[in-house]
Each structure stands twice: as C-alpha cells, then as structure tokens.
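By the count of this note's numbering, the sequence shown reaches residue 686 at its end, each step adding exactly one. Glycine included, each C-beta is placed from N, C-alpha and C at the ideal position. The next block holds one structure in the form of structure tokens; read it before the comments.
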Amino acid sequence: MRIGVQMAAIEKIRNIGIMAHIDAGKTTTTERILYYTGKSHRIGEVDDGEATMDWMKQEQERGITITSASTTCFWRGYQINIIDTPGHVDFTAEVERALRVLDGAIVIFSAVEGVESQSETVWHQADKYEIPRVAYINKMDRIGADFYRVLREIEEKLGVVPLPLNIPMGREGEFKGVIDILEMKELRWKEEDLGNTVEKSEIEAAREKEAEKWRENLLDHLGNISDSIMEAYLEGEEIKRNDLLEAIRRGTLERHFIPVFCGASLRNIGVQPILDAVIDYLPSPTEAKPITGHHLYKKNEVDIECSKEGPPLALVFKIQHSREAGAMCYIRVYSGVIKNGSSVYNINKKKKERINRLLRMHANRYTKEEAIEAGDIAVAIGMKFTQTGDTIGSEKYPVLLESMKFPEPVISVAIEPKTLSERDKLYDALRILEREDPTFTVKENEETGQLIVSGMGELHLDVLVTRIMEEYRVEAKVGKPQVSYRETITKVVEYREKYHRMIGGKENAADILLRVQPRERGSGNLFDSIVDKEKLPRELVEAVKRGVENSFNSGIVYGYPVIDTEVTLVDANYNQSTSTVFAYEAAGAIGFDEACRLAEPVLLEPIMSVEVMCPKEFVGEVIGNLTSRGGEVINIESKPAVELIYARVPLANMFGYSTALRSSTQGRGTFSMVFSHFEVKEGGFE
Numbered sequence: 001m002r003i004g005v006q007m008a009a010i011e012k013i014r015n016i017g018i019m020a021h022i023d024a025g026k027t028t029t030t031e032r033i034l035y036y037t038g039k040s041h042r043i044g045e046v047d048d049g050e051a052t053m054d055w056m057k058q059e060q061e062r063g064i065t066i067t068s069a070s071t072t073c074f075w076r077g078y079q080i081n082i083i084d085t086p087g088h089v090d091f092t093a094e095v096e097r098a099l100r101v102l103d104g105a106i107v108i109f110s111a112v113e114g115v116e117s118q119s120e121t122v123w124h125q126a127d128k129y130e131i132p133r134v135a136y137i138n139k140m141d142r143i144g145a146d147f148y149r150v151l152r153e154i155e156e157k158l159g160v161v162p163l164p165l166n167i168p169m170g171r172e173g174e175f176k177g178v179i180d181i182l183e184m185k186e187l188r189w190k191e192e193d194l195g196n197t198v199e200k201s202e203i204e205a206a207r208e209k210e211a212e213k214w215r216e217n218l219l220d221h222l223g224n225i226s227d228s229i230m231e232a233y234l235e236g237e238e239i240k241r242n243d244l245l246e247a248i249r250r251g252t253l254e255r256h257f258i259p260v261f262c263g264a265s266l267r268n269i270g271v272q273p274i275l276d277a278v279i280d281y282l283p284s285p286t287e288a289k290p291i292t293g294h295h296l297y298k299k300n301e302v303d304i305e306c307s308k309e310g311p312p313l314a315l316v317f318k319i320q321h322s323r324e325a326g327a328m329c330y331i332r333v334y335s336g337v338i339k340n341g342s343s344v345y346n347i348n349k350k351k352k353e354r355i356n357r358l359l360r361m362h363a364n365r366y367t368k369e370e371a372i373e374a375g376d377i378a379v380a381i382g383m384k385f386t387q388t389g390d391t392i393g394s395e396k397y398p399v400l401l402e403s404m405k406f407p408e409p410v411i412s413v414a415i416e417p418k419t420l421s422e423r424d425k426l427y428d429a430l431r432i433l434e435r436e437d438p439t440f441t442v443k444e445n446e447e448t449g450q451l452i453v454s455g456m457g458e459l460h461l462d463v464l465v466t467r468i469m470e471e472y473r474v475e476a477k478v479g480k481p482q483v484s485y486r487e488t489i490t491k492v493v494e495y496r497e498k499y500h501r502m503i504g505g506k507e508n509a510a511d512i513l514l515r516v517q518p519r520e521r522g523s524g525n526l527f528d529s530i531v532d533k534e535k536l537p538r539e540l541v542e543a544v545k546r547g548v549e550n551s552f553n554s555g556i557v558y559g560y561p562v563i564d565t566e567v568t569l570v571d572a573n574y575n576q577s578t579s580t581v582f583a584y585e586a587a588g589a590i591g592f593d594e595a596c597r598l599a600e601p602v603l604l605e606p607i608m609s610v611e612v613m614c615p616k617e618f619v620g621e622v623i624g625n626l627t628s629r630g631g632e633v634i635n636i637e638s639k640p641a642v643e644l645i646y647a648r649v650p651l652a653n654m655f656g657y658s659t660a661l662r663s664s665t666q667g668r669g670t671f672s673m674v675f676s677h678f679e680v681k682e683g684g685f686e
C-alpha cells in the first residue's frame, strides 16, 4: 500500500514519540513495530548496523540513535506517525524538538537498569509539554530483570502512578510471555514466525493469585475515574471491556496514571499490545492539549483549533540537509491544509516561501504527497529561509506558534581547513549543520581568525566534526575540545558613555547612562529602558538595545558570552542635529563593556551532572577518581548487580574520563553526563 494514497481522518491519526535512556531497546522496539505493521518486510537489528530508523552511517557504526527519524505506519486502520528520538544526553535538542510536535509517547525502560538518568530527563521534558504516555518495560529476558522493581522506581523517581495492564510470566531465561490483566488471559508469541502470531490461553492455576491481585489494582484505579465501573465492581457485576478501555483512556489522557506493559523486543515478545495501547489510550490530534499561538500584530493569544477547515498553520520542528533535495523541513500541521507547490508565509521571518514538494518520510526513504492536513506530519522541500522553530502559514493569519528553546552549548573545538581551497567547502558545511542543529553554534574569533564550533558534549561535537569530514568531504584540522565558559558581573554599577565621532564630515554623538546589575543564576539577560520617549526617540532606544545585546555575545574580559546580567538605560541626552542611530548603537556597546569591567566580572564554568554505573567492587575507586577531578558525590543508589553514583563535576575535569573509567572498572563501568548549571570558577580570570 502506497502511503500517498491513504489519508487518515484526523481522529484516526496518532503522532507519537519513542523515548528512552540509551540502550533501553528503543530502536529495537521501533524495528518490531515497523515489521508487525507491515511497514518493513524484515527486522533490522541495531547490533548488525541494519536498523531502519538508524539510517545515518554514524548511527550504524556507533549503534546509537543521533537524529530523530520519522516514519508512518498503519495499525487497525489507524495512521501512526512515529518519531524515534535519541537516547544519548548529547542529543537532547533532538528529543526536545520531537516532543514539541507529539501528541503522545511510548517511554521504554530496561527491566535490568530501571529508571536511568536520561529516562528522568525525557520524562520531565514530556511533562513540560503535558504529553500523555504509556510505559514499556523491555528486556524482561535479561539477567537481573525485575518488572516490579522498575514499577516502584517509576512511582518513586518520576512521581507518577504506574498501572500495569500486563504482567510478566517468569523473568530472565524463564520469561515466557505476559498475562493480559484486561482480558485475564496468558499471551505467548510464536518464535517460528518472529512473534507475528500471539497465542491466548487461560491463566494457569499457579499464576491466578498474582493476576487477580493486579486485576483488583486495575479496577481500584479505574473506579476513581468511572462511577459505573465503581458501582459494577461493588455489586459484583461483570464490567464491559469497552467501559474499561474508555476509563483507561480517560485516565491516561488526564495523566492520572501511566499504563505499563512489558516484554522482550529482541525476542519479539510483547510489542503488539503497545501498538494496541497507542490506538486505545493515546490521543488523536483533536484530543491532544490545544496549542496556543501569539498573533503577530494584535499581540493576543489565540487557541489553534485542529481542523482542516481552518487557516493553514504549521511548525517547522527539524531541518535536515539532503544532497539531492537541499533543506528538508519537517513540519507538523496544526490547522488547515498545506498543498504541494503552494506559496506559504514564514511568519517569523516575514518572508514568502514556496513548497516545491511534500514528502511523507520513512527514515531516509519517502513517498510524495499532494497535500498535508491538520494533525499530520510531513517534510516540505524548497523553503530557503526557514529555520527550526519557525511558523509557516498565511499573511492573512499571522499567528506565531511558540518557538522552541534549546540549552546552551558547553563545549567547543577549533576547526580550520587544511588548505585555502577547502575554506568555502568548510563554511558551507558549517552553515548547513548550524541550520539543522540549534545546539551547534559557529563563531569566528576576531583576534585569531579561528573558527570555533560549540556543542552539547564530546560525542555531539565528534559526530558533527566526523560528518563535516566524511559527509561533506572537507579536509580540516580539529583542535582539542575546550570548555565553553561564561562571564557575568557581581555588583551594580552606573556608567555614563559620551560618544562622539566625525564620519564623512557628519557629527555623530550620543550621551547615555547605563546601569548594569547581576541577575539570579539561570534567569538570562535583560535589557530595559526607563527613559521617557519624549526625552529619547524610540528608534534610538532600540539602537542602544541592539548595541548592548550584541555585546552580550562578545564577553567582558576573555570574550566568553555574558549571562544573567540586567542592563537598564537610565538616562540619555538628545540633540536633533548630532544624535544618530549609529552613535547610540556604538554608545550602547562601549558603555556596556566599560560598565561591566567596573562591576567586578567573574568567570563561570559549566558543572555537569554525572551518573556512573559500575559493579559494587569498584565503587571506592570510582568515587576516588571523581573526587580527584573536583567532583562532589551527591548520592549512591544500589541496584541488584551494580551501584549508581550521582555526582557533580566541572566539565573541564571530565575530558578523557571514559578511558579512566574503563581502566578502573575493567571495562565494566559506564557513565552519562548532562549539563547542570554554571558556577563561579575558582581562580577566576587566571
């Protein structure tokens, strides 16, 4: 069946993401979903480097997901748009932009490791967007698997109520299948046809008591949602299956609880019930939390109704470059219809764009579409100016959908072409990658002329630099990773800047009084003016603002970006004949620089939250190593076979840690690291 032929009604669409910690089996589960829905005719394995959704060369070589791949499949007559997101913390931006356009999610946990750090991160990211979820506890066949321990961890660490809808029959090597608590049947998957056939049977006597206990638990929770279920339960009457499904759906959408399933994806056990759960419990675009837009001119908030009759409105949530097609803009349509070959209006850039082709993606393959309606996800080809986070629609309805906010890059490397002829190729590659990835920034050092690229971590930069060399065939020299510090001020200072220059025989003058003061850590920069518009025209206030805001990126002492600083234009003098926009912009930049130098500037370094998993016998050595790196151990958590050590360590001291951890744990330790906060660096500007 060609996807282009079939267009599902909005109520029959599910936009879902698959999220998890690295190595929880996310891509493996996605491969089974594609196989059972008939989207692929064979199962691609991550370990063989043949996973359908991990199509990038580096994903196959490293065995991890780097980009959020998109695909469409069909189950029970419903259209499921799946976005498979990365599990590694360095690719948080990919998760963030996928969550922005999803209506529901499957969160996968490993039955062995349980709720890990990145599981918590993506969970809280999903909380921010109020996304309903179902949970799947994978790897039930592995040594150390414990379904009930993971249930407790979901409750304790994530602060939600897990509601098991199936429970395991056995564990580790004895794992045979699951008990469906809704139907009270045992489910087994046939090995001969790769789990395509699910056999149902009555619950064996030895397992009846456990099944009854969880059935009671289910009815207890559903009774709080549905009065009819509560009455039928108390009176001992049979409860209709549809009533149960309806109550579970309501509880999931309102996030009273999280339906939980279990299985072993690698052994093809337990995947079809998750597909049923996506249809039965996760929302269609019309049931999802309504999206709010901001009218560009009326300045009021507008509720966007998910209807194909409305004005066209879509969010560009990802850009990927293709050699053949150019920029591929992934769009989620929230209202109206966007047609192939049509002209659209980029509301952020206030520019018209043309959509040459509309595609429905299947990882790196596609089918062509004539139109994409509200509630659907597709790729638009042909837009030249559009960036991630932009809203496209029509000039008649200039409503901005909330743009996405991404974390600041914390690690940098210098990169330069090996020959002068490679310079243009390098610049082109960097421009493409910067447009694709909002957490990747490129900056030229004004003093040395060096190109500095920054990202979220060593792996993130390594992947991008490898892409520059292999994908774009640029011969370049790369420096060692450097920490991307920040600068800020520690006291309040007022400074008057009197600017005067003769340019081309014309006098340019400005006289302003700026106040700079520190803000709370993490609150960002702010510019404000308390000068009356009669005293200084609006365009000159805007010029001062531009000068100041451009200087935020130029630093105070070492040239690192300035953060958490408030600048107020307190006073200004205006002369109609000599006051120019140029003079006030320059005065803003110079005045800001001078004021900050007097305000006792300090250097801030990034502190990372580090989670180390290692066997018990190596705990002492691991803690000693973290302490020697200036780390502070926050907590130690015991798991059945390993210890989890939580610490905070300055990023500058974490370079080369993976090698040190391998040698001190005989190769059995693993760690993950995510940015926590900025802290004043000891020794300051040394």
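Report back the beta-carbon spacing between residue i and residue j to the nearest angstrom; my notes put them in contact at under 8 Å.
i: Glu605; j: Ala543; result: The Cβ separation is near 34 Å, so there is no contact.
i: Pro601; j: Thr439; result: Actually they do not touch by this definition, with Cβ atoms about 26 Å apart.
i: Leu165; j: Phe261; result: 6 Å
i: Ile556; j: Asp532; result: Wrong, their Cβ atoms sit about 30 Å apart, outside the cutoff.
i: His124; j: Leu163; result: At roughly 20 Å, the Cβ-Cβ gap does not stay under 8 Å, so His124 and Leu163 are not in contact.
i: Asn346; j: Glu370; result: Rounded, the Cβ-Cβ distance is 22 Å, inconsistent with contact.
Near residue i, which residues of its chain fall below 6 Å by C-beta distance, leaving aside the five closest residues on each side in sequence?
i: Ser322; result: Met328
i: Lys57; result: Low local confidence applies: a pLDDT of 49 at Lys57 is under 50, so the model's placement there is unreliable, with the coordinate-based value given in what follows. Closer than 6 Å at Cβ, skipping near neighbours: no residue.
i: Ile372; result: Val333, Ile338, Leu358 and Ala378
i: Tyr397; result: Pro311
i: Ile415; result: Leu451, Val453, Ala476 and Val478
i: Lys545; result: Phe527
i: Arg354; result: Ser343 and Gly382
i: Lys349; result: Phe385
i: Ala583; result: Tyr499, Asn508, Ala509 and Ala510
i: Val107; result: Met19, Arg133 and Ala135
Measuring CA to CA, which of the options is closest to residue i?
i: Leu275; options: Ile10, Glu31, Glu679 and Asp23; result: Glu31
i: Glu324; options: Arg332, Arg357 and Pro312; result: Arg357
i: Glu246; options: Ser226, Thr28, Gly455 and Tyr233; result: Ser226
i: Glu192; options: Asp303, Gly624, Asn268 and Pro398; result: Asn268
i: Lys12; options: Ile279, Leu400 and Ile468; result: Ile279
i: Ile304; options: Glu130, Gly375 and Asn346; result: Gly375
i: Lys418; options: Leu451, Glu682 and Ser307; result: Leu451
i: Glu617; options: Tyr297, Leu644 and Tyr129; result: Leu644
i: Val344; options: Val316, Arg360, Gly326 and Met361; result: Val316
i: Gln320; options: Thr670, Ala24, Asn242 and Ser70; result: Ser70
i: Gly687; options: Ala206, Glu186 and Gln272; result: Given a span of 1 to 686 for the chain in the structure shown, any question on residue 687 remains unanswerable.
i: Met169; options: Ile636, Gly270 and Asp390; result: Gly270
i: Phe147; options: Val161, Phe109 and Val160; result: Phe109
i: Ala589; options: Glu497, Val633 and Met613; result: Glu497
i: Ala430; options: Arg249, Val465 and Val122; result: The sequence given here has Leu at residue 430, not Ala. Taking only the C-alpha atoms, the option nearest Leu430 is Val465.
i: Tyr495; options: Gly505, Pro481, Asp127 and Leu513; result: Leu513
i: Asn217; options: Gly336, Lys240, Val161 and Pro561; result: Val161
Counting only the same chain and skipping the five closest in sequence on each side, list residues whose C-beta sits under 7 Å from that of residue i.
i: Gly17; result: Ile83, Thr85, Ala98, Leu99, Leu102 and Ala105
i: Glu287; result: Leu253
i: Ser579; result: Ala509, Ala510 and Leu540
i: Lys351; result: Phe385
Who are the Cβ neighbours of residue i in its own chain at under 8 Å, not counting the five residues just before and after it?
i: Glu422; result: Val474, Glu475 and Ala476
i: Glu549; result: Asn525 and Phe527
i: Tyr558; result: Tyr485, Glu487, Leu603 and Phe685
i: Thr711; result: What is shown of the chain runs 1 to 686, which leaves residue 711 out entirely.
i: Ala211; result: Ile167, Ile179, Ile181, Met184 and Ile203
i: Arg629; result: Val649, Pro650, Asn653, Met654 and Tyr657
i: Phe671; result: Val610, Glu611, Val612, Met613, Tyr657, Ser658 and Leu661
i: Gly683; result: none
- prompt: So, do the stretch 165-185 and the stretch 137-146 have three or more beta carbon pairs nearer to each other than 8 Å?
  reply: yes
query: So, do the stretch 517-531 and the stretch 567-577 have three or more beta carbon pairs nearer to each other than 8 Å?
result: yes
- prompt: Does the pairing of the stretch 379-394 with the stretch 409-426 give three or more beta-carbon distances under 8 Å?
  reply: no
message: Closer than 8 Å is the cut-off here; do at least three beta carbon pairs connect the stretch 408-418 with the stretch 110-119?
response: no
- request: Spell out a yes or no on whether the stretch 665-681 and the stretch 609-618 are touching, meaning 3 or more CB-CB pairs, one atom from each, closer than 8 Å.
  value: yes
task: Report the residue ranges of all beta strand (DSSP E) runs contained in full by the stretch 436-499; include only those spanning at least 3 residues, in chain order.
output: 441-444, 451-455, 476-478 and 486-488
- request: Please list the segments of the alpha helix (DSSP H) lying wholly inside the stretch 605-659, counting only runs of 4 or more residues, in order along the chain.
  value: 619-628
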